[in-house]
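Some notes on the structure that comes next.
Residue numbers (the numbering used here): 32 to 100.
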């Protein structure tokens, strides 16, 4: 995802919506497919990837806030 300048609460809200959409599109569909296939190992792996994508997004937001100081 390309860097975006967030100057307002509305900009941040739009970034969060876009980021959540990207995470669900990429990782959520993988998790749904693995779950539907009944492969527990793949489901566990894709669930961890989804969790990591969420953590990465939160850290990305935090790093953007810290960079403003």
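By construction, the Cβ of each residue, glycine as well, lies at the ideal position given by its N, Cα and C atoms.
| Check | Outcome |
| --- | --- |
| Residue 45 versus residue 90 - alpha carbon distance | 17 angstroms |
| Residue closest to residue 80, alpha-carbon to alpha-carbon, out of 41, 53, 58 | 58 |
| Residue 56 burial status per 10 Å Cβ neighbour count (16 or more: buried) | exposed |
| Cut-off 6 angstroms between Cβ atoms - residues of its own chain near residue 92, not counting five sequence neighbours on either side | none |
| DSSP three-state assignment for residue 36, whether helix, strand or coil | coil |
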